[in-house]
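Letter by letter, the sequence shown follows residues 0 to 108 of numbering that gives the first Met the number 0. Positions of the beta carbon are idealized from the N, C-alpha and C atoms, including for glycine.
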Amino acid sequence: MAEYTVKELIFNLEKAFRADKAAGLEAIIQYHLTGDEGGDYIINIKDDACTVTEGTAEAPVMTLTADGRYFGDVLLGKEDGMQGFMQGKLQLAGDLNLAMKLTSFFKMG
């Protein structure tokens with residue numbers, strides 16, 4: 000299996016977006032990733048589309064903070080994001096209901 004950078008995985012969310020699962024949703028989500036694979040990313044879901052940009056959102060509805068490599072493993076399905084949240088490996092702030100649904104909006108792999 001090919002190796003991907005976390006940045007590549009996050010930008011792949013645009014292609015992996017499932018508009019049918021997020022119909023009518025408008026949300027700006029901030030990913031704040033730390034460590035070697037760290038970075039700040041804005042996930043904008045609007046008009047049945049998803050765009051990803053690097054940077055910091057002014058007023059996101061939800062912010063996810065995690066180690067970049069760990070979050071890459073979550074995106075690849077190697078780690079369970081909910082379990083990571085319970086263990087403190089992944090922190091969430093803002094709309095937790097949105098966080099619970101987030102994985103259903105994307106088809107990775």
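- Closest by C-alpha distance to T52, out of F105, K6, K88 and F70, is K6.
- DSSP, read as helix, strand or coil, puts N11 in coil.
- One Cα belongs to Q82, the other to E25, and the distance between them is close to 26 Å.
- Within the model, the alpha-carbon separation for E78 versus N43 is close to 24 Å.
- Per the coordinates, the alpha-carbon of Y30 lies some 18 Å from the alpha-carbon of Y3.
- Within 10 angstroms of the beta-carbon of G34 lie fewer than 16 other beta-carbons, which makes it exposed.
- For V60, there is no enclosing beta strand (DSSP E), as DSSP marks it with neither H nor E.
- Boundaries of the alpha helix (DSSP H) around K100: L95 to K100.
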